[in-house]
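To start, the structure itself, in structure tokens.
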Amino acid sequence: MNEDRRKAKQYEVRLNSNLRIKEFKDLTDDWLDFIIDCRSGKAHEYDVVIGAMANDQIYNYVSDYMDGTITREQFWILAKFKYPTHQINFCTKEALKCLEYREFEEVL
Numbered sequence: 020m021n022e023d024r025r026k027a028k029q030y031e032v033r034l035n036s037n038l039r040i041k042e043f044k045d046l047t048d049d050w051l052d053f054i055i056d057c058r059s060g061k062a063h064e065y066d067v068v069i070g071a072m073a074n075d076q077i078y079n080y081v082s083d084y085m086d087g088t089i090t091r092e093q094f095w096i097l098a099k100f101k102y103p104t105h106q107i108n109f110c111t112k113e114a115l116k117c118l119e120y121r122e123f124e125e126v127l
């Protein structure tokens, strides 16, 4: 295999309704507080967390807010122009059982 090629694995997700699932449908104050708590090392009780990913750009704003460089209001003004990637975070071994490997494809 060419060294420039990588394997992109594909999984099917079937969430178990018995799991503790937290879903953030939008960027909200609750989402921001959850991100700050997680980045500060605070544990949560969820098996799965679904919502916007704090990518590098958004996380820079989160860091600035946490450091007191910007206010919460300024964070939201900056963040509203960014379109974060959606993610599903599997936080426990039980949550990982919701994933079923399907296939892979080689990508450049």
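One gets my numbering by counting positions in the sequence shown from 1 and adding 19 to each.
Note that beta-carbon positions come from the ideal geometry of N, C-alpha and C, so glycine has one too.
Bear in mind the structure is a predicted one, so any value in this text is a computation, not a measurement.
Next on the checklist: According to DSSP, is P103 part of a helix, a strand, or is it coil?
Outcome noted: coil
Next on the checklist: Quick check on F123: buried or exposed, where buried means 16 or more other Cβ atoms within 10 Å of its Cβ?
Outcome noted: exposed
Item to check | Residue nearest to A98 in terms of C-alpha spacing, selected from N37, E113, L46 | outcome: L46
Item to check | Proximal residues to A27 (C-beta, below 7 Å), its chain only, five neighbours per side dropped | outcome: F123, E124, V126
Checklist entry - Under a Cβ-count criterion, where at least 16 other Cβ atoms within 10 Å of its own Cβ denotes burial, should F100 be classed as buried or exposed? => result exposed
Checklist entry - If we count the other Cβ atoms within 10 Å of its Cβ and call it buried at 16 or more, is I68 buried or exposed? => result Checking the displayed sequence, the identity of residue 68 turns out to be Val instead of Ile. Per the 10 Å Cβ criterion, buried.
Checklist entry - Just how far apart, CA to CA, sit I40 and R33? => result 13 Å
Next on the checklist: Which of the three DSSP states is assigned to A71 in this structure?
Outcome noted: strand
Checklist entry - Are there 16 or more other CB atoms within 10 angstroms of the CB of G60, so buried, or fewer, so exposed? => result exposed
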